[in-house]
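Visitor: To convert, count from 1 in the sequence shown and add 1257; that's the numbering used here.
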Amino acid sequence: MLLDYINSALDKATYDKLNDDNSFYGEIPGFEGVYANAVTLEQCRNELRETLEEWILIRVSKNLSLPEINGKNLRISKVA
């Protein structure tokens, strides 16, 4: 379920090659603050995945909602 959500979000990622230093910039629309910048596209993708995972953990720890993506919504319930 979590991996499915992460992969669905990453499918929406956009990447650009920056002209000033030829590095790559990636972000996921609808996921505010989730972005990465790296020398290669592969490194950028990996960093974006790590950033997304950390972003999800922070939001869950603060009991904040996560955006729905492709009809998938990740909900975490408190357990006693």
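Ideal placement from N, C-alpha and C gives every residue a C-beta, glycine not left out.
In terms of alpha-carbon separation, which member of 1333, 1318, 1296, 1273 lies closest to residue 1285?
Guide: The shortest C-alpha separation from residue 1285 is found at 1273.
Visitor: Mind checking who residue 1290 pairs with in its DSSP beta bridge?
Guide: DSSP lists no partner for residue 1290.
Visitor: If you scan the region 1291 to 1325 from start to end, which runs of the alpha helix (DSSP H) of 4 or more residues do you find wholly inside it?
Guide: Segments of the alpha helix (DSSP H) lying fully in the region 1291 to 1325: 1298 to 1318.
Visitor: In the DSSP assignment, what residue or residues form a beta bridge with residue 1269?
Guide: Paired residues: none, contrary to the question.
Visitor: Taking the beta strand (DSSP E) that residue 1328 falls in, what are its first and last residues?
Guide: Where residue 1328 is concerned, there is no enclosing beta strand (DSSP E), given that its DSSP letter is neither H nor E.
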